[in-house]
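Heads up: the structure comes next, in structure tokens.
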Amino acid sequence: MGRNFQMDPPDWRVWHPSPTRPAFTPPPGAVDAHCHVFGPGDEFPFAPERKYTPCDASKDQLSSLRDHLGFSRNVIVQATCHGADNRALVDALKAANGRAKGVATVKRDVTDADLAALDAAGVKGVRFNFVKRLVNTLPFDDLRTIAERIKPLGWHIVIYFEADDLPDLYDFIVALPTDVVVDHMGRPDVTKPVDGAEFALFLKLMDEHENFWSKVSCPERLSRSGPTEYADVVPFARSVVEAFPDRVLWGTDWPHPNLNTHTPDDGKLVDFIPKIAVTPELQRKLLVDNPMRLYWPEELKPTETR
Ligand code: 0GY
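The sequence shown maps to residues 807 to 1112 in the working numbering.
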């Protein structure tokens, strides 16, 4: 921890210092499509409006983890503790030499010059966060304005909400004018049936809207049965991977903000992948083809783009 910030809540869990090396070998070129950097706070101060103060989790620590887990690239998602100040994210993207792309947080008054600078640094989307314990969500009108501002850049929108909130958000999100990536399958309550009404609404959203993608990430957050198997999350994630194999992404969620049940072993999280993507083809789509299409389209041959 740096000089300027104390972790809050004080029992904040620091990320795993020595994760196991996964038994599962990711395919060449695999992308961890959901992770964060925190600070370091002394260099990139956390935002005054933040709802938690994390431990530091630097760009170098993230790239070491990437290599340790057998991944090639990262998509770094702006964490709420940095608000709309994307400097730590941009710093990490610049240092990654093309091996990381980003998802930023912006406000409606973001300037064209700011957007152009984020684009040049490798930002490919913005995040709309509806989880009330993390943010005071912007009004729909602001979000619609931001969506229209980022659309010409070819960016997409990442949305984070909890399953309870989907009915109220449904009409708003299906009207968004870009590709939309839902974090963590819309956070299903995995104690409810996988074929029950709550998850059916999320599957309907994915089924009826081809611009929607899902991250099949965060078993450690969703599970009630717990580590290291996260068995209760498997049916949910596997059903999404099998129903929408070309619109799913996976990420570690390192350094695991706000997780107070346990400290995830990132190697074990990687070992969750073959349980939800059970063939080499599904694994390649999940970890390579899909994230490359969304985040590195410039590297694809013309026949591979949508
Ligand atoms: C996640 C989940 C969480 C936090 C954030 O930006 C964040 O602060 O995303 C959470 O607390 O559920 O995706 O990292």
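Glycine residues also receive a C-beta, built at the ideal position from the N, C-alpha and C atoms. Everything numeric in this text was worked out from a predicted model, so none of it was measured.
query, result
"Per DSSP, residue 844 forms a beta bridge with which residues?", "863"
"For the ligand 0GY, is there any heavy atom lying closer than 7 angstroms to the beta carbon of residue 966?", "yes"
"Need the endpoints of the alpha helix (DSSP H) that residue 857 sits in, please.", "Note, residue 857: premise wrong, no alpha helix (DSSP H); not H, not E."
"Cα separation between residue 1061 and residue 1006?", "30 angstroms"
"Kindly indicate which residue of 1014, 994, 965 has the alpha-carbon position closest to the one of residue 943.", "965"
"If we count the other Cβ atoms within 10 Å of its Cβ and call it buried at 16 or more, is residue 1074 buried or exposed?", "buried"
"Does the count of Cβ pairs from the stretch 1001–1016 and the stretch 1036–1050 closer than 8 angstroms reach three?", "yes"
"What is the rounded straight-line gap between the Cα of residue 1037 and the Cα of residue 922?", "43 angstroms"
"Can you look up residue 914 in the DSSP assignment and give me helix, strand or coil?", "coil"
"Indicate, with yes or no, if the ligand 0GY has a heavy atom lying under 7 angstroms from the CB of residue 1027.", "yes"
"Could you pull the DSSP bridge partners for residue 1018 from this structure?", "986"
"I'd like to confirm the pairing. Which residues does DSSP put opposite residue 962 in its beta bridges?", "931"
"Please state whether DSSP places residue 1011 in a helix, a strand or coil.", "helix"
"For residue 1071, I'd like the list of residues in its chain whose CB is within less than 6 angstroms of its CB, leaving aside the five on either flank, ordered along the chain.", "822, 825, 826"
"When the distance is taken between beta carbons, is residue 880 closer than 8 angstroms to residue 893?", "no"
"Apply the 10 Å Cβ neighbour rule to residue 760 and answer buried if 16 or more other Cβ atoms are within range, or exposed otherwise.", "No statement about residue 760 is possible, as the shown extent of the chain runs from 807 to 1112 and does not include it."
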